[in-house]
Structure formats: structure tokens, C-alpha cells
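Down below is the structure, laid out as C-alpha cells.
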Amino acid sequence: MTVRKMRAVAAGEVPVDGGTAVQERADRPVFRGNGEHDYVCVSCGSLLAAGMDPQYMTRRVRVRCARCRTVNISAELPVQAARRPRRGA
Ligand SMILES: [Zn+2]
Numbered sequence: 218m219t220v221r222k223m224r225a226v227a228a229g230e231v232p233v234d235g236g237t238a239v240q241e242r243a244d245r246p247v248f249r250g251n252g253e254h255d256y257v258c259v260s261c262g263s264l265l266a267a268g269m270d271p272q273y274m275t276r277r278v279r280v281r282c283a284r285c286r287t288v289n290i291s292a293e294l295p296v297q298a299a300r301r302p303r304r305g306a
């Protein structure tokens with residue numbers, strides 16, 4: 218098992234309608250799978266997602282840490298601004 222630190226979601230990165238999984242208890246990861254990596258909060262090191270495969274840790278997987286409220290995303294994903302609604306025709 219490898220521990221991977223996540224990163225904080227950058228300002229403006231999360232779409233308005235984007236969902237974020239909220240961790241309810243600091244001692245219970247939001248996701249638990251059968252993969253090889255544990256993903257921990259960038260700020261406090263809390264375990265947010267246990268046993269995950271990297272291919273599951275997409276942009277859709279964002280977790281708000283129960284302990285420090287940081288919204289985390291996989292550190293392997295580059296910072297990317299959320300798409301803005303197209304204006305005009
Ligand atoms: Zn945290």
C-alpha cells in the first residue's frame with residue numbers, strides 16, 4: 218500500500234455544479250476500494266480514500282476533509298480552471 222498526498226483544489230477550479238464528497242468522520246475514509254493507494258489530506262494527513270486505484274482518482278473525485286475542511290483532489294491532476302458558461306450565441 219502506498220500513501221499518496223492529495224492537493225488542495227485551486228480557486229476557480231471546481232465547477233459550480235461540481236460535487237464534492239464530504240468526509241463525515243475524520244477516522245473514516247470517504248472511499249474504500251481494493252486498489253493500492255491510500256490518499257491523504259494535503260493539510261492534515263487524514264486518510265480520505267483508502268485502497269484506491271489512480272485511475273479512479275479523477276477530477277470528479279474531490280473530498281472535503283472532516284478534520285481541516287480542505288477540499289482535496291488527486292495531486293496527479295494538473296490545475297485546470299472550471300469551464301465557464303459560454304456567453305452569447
Ligand atoms: Zn485535512
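No gaps in the numbering here: position 23 of the sequence shown is 240 in my numbering, and each next residue is one more.
Just so you know, even glycine gets a beta-carbon here, dropped at the ideal spot from N, CA and C.
(1) Is it the case that the CB of Thr275 approaches a heavy atom of ligand 1 more closely than 7 Å?
(2) Smallest Cα separation from Arg284: which of Val226, Val257, Gly250?
(3) Kindly list the residues whose CB is nearer than 8 Å to the CB of Cys282, restricted to its own chain and excluding five residues on each side of it in sequence; keep chain order.
(4) Using the DSSP secondary-structure output, state which residues sit across from Val239 in a beta bridge.
(5) Return yes when at least one heavy atom of ligand 1 lies under 7 Å from the C-beta of Ser291, else no.
(6) Could you say which of Ala238, Gln272, Gly236 lies nearest to Asn251 if we only look at CA atoms?
(7) Per DSSP, which residues does Thr219 bridge with? Please list them.
This is what the structure holds:
(1) no
(2) Val257
(3) Gln240, Ala243, Cys258, Ser260, Cys261, Ser263, Leu265, Val288, Asn289
(4) Arg281
(5) no
(6) Gln272
(7) His254
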